[in-house]
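Asker: Next up is a structure, given as structure tokens.
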Amino acid sequence: MASWRGAFTGLVPQDFLDAMDPGSIAASWADSIAAGRSRIHVAVLGEQVIGYAGVGPERDESAPPNTGELYALFVHPDHWGAGAGRALTDAACADLRDAGCINVRLWVLEANIRARRFYTRYGFTETPDRTHSSLGDLPEIRLTAPLA
1 MASWRGAFTG
11 LVPQDFLDAM
21 DPGSIAASWA
31 DSIAAGRSRI
41 HVAVLGEQVI
51 GYAGVGPERD
61 ESAPPNTGEL
71 YALFVHPDHW
81 GAGAGRALTD
91 AACADLRDAG
101 CINVRLWVLE
111 ANIRARRFYT
121 RYGFTETPDR
131 THSSLGDLPE
141 IRLTAPLA
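1 is the number of the first residue of the sequence shown in UniProt numbering; add one for each residue after it.
In structure tokens:
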């Protein structure tokens, strides 16, 4: 939960962050993994999980063929800037390549400048696509990158 709170404090309504239930989030991921819709990669330091990335097929049915999606990327704030985010993104993109994807897309909060800079440095570019997040009806931007 610290990774979510670190990433979203000041960007989403505080009452949303306060109401987050780790058990519900874990159950949702477990259901998605069991159904074959998602795969999870974790970053571990010692015996502590410090981050995770979730990937799978692009959820947008109008997506180009062979497009995957990075559903989530979170790293504990104590480990920001230490390479865990890049390692998780590397693993997520390799997973999607192995699954036959040639592109990866993701949604990021428009106001999340830190995340947008990270993804741009990684090679993602903005698309014209916009939506609103379920995290308080906040604007999101779609980013895309080739999986070369």
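Heads up, the beta-carbon is just placed ideally off N, CA and C, and yes, glycines get one too. Note that this is a predicted model, so its numbers are computed, not measured.
Just checking Asp95 against the ligand COA - is the residue's beta carbon closer than 7 angstroms to any of the ligand's heavy atoms?
Answerer: With respect to the ligand COA, the structure shown offers nothing to examine, as it has no ligands at all.
Asker: So the candidates are Ala148, Trp107, Ala94 and Arg86; which of them puts its Cα closest to the Cα of Asp60?
Answerer: Trp107
Asker: Could you check where the beta strand (DSSP E) with Leu106 kicks off and where it finishes?
Answerer: Asn103 to Leu109
Asker: What are the boundary residues of the alpha helix (DSSP H) that includes Asp90?
Answerer: Ala84 to Asp98
Asker: If you count every other CB in all the chains shown that lies within 10 Å of the CB of His132, and 16 or more means buried, which is it?
Answerer: Counting C-beta atoms within 10 angstroms of its own C-beta, His132 has fewer than 16 neighbours from the protein chains shown and is therefore classed as exposed.
Asker: Once the 5 residues before and after Tyr122 are set aside, which same chain residues still bring their CB inside 8 angstroms of it?
Answerer: The residues Arg86, Thr89 and Ala145, in chain order, have a CB closer than 8 angstroms to that of Tyr122 in the same chain once the five nearest residues on each side in sequence are set aside.
Asker: Could you have a look at Pro65 and say whether DSSP puts it in helix, strand or coil?
Answerer: coil
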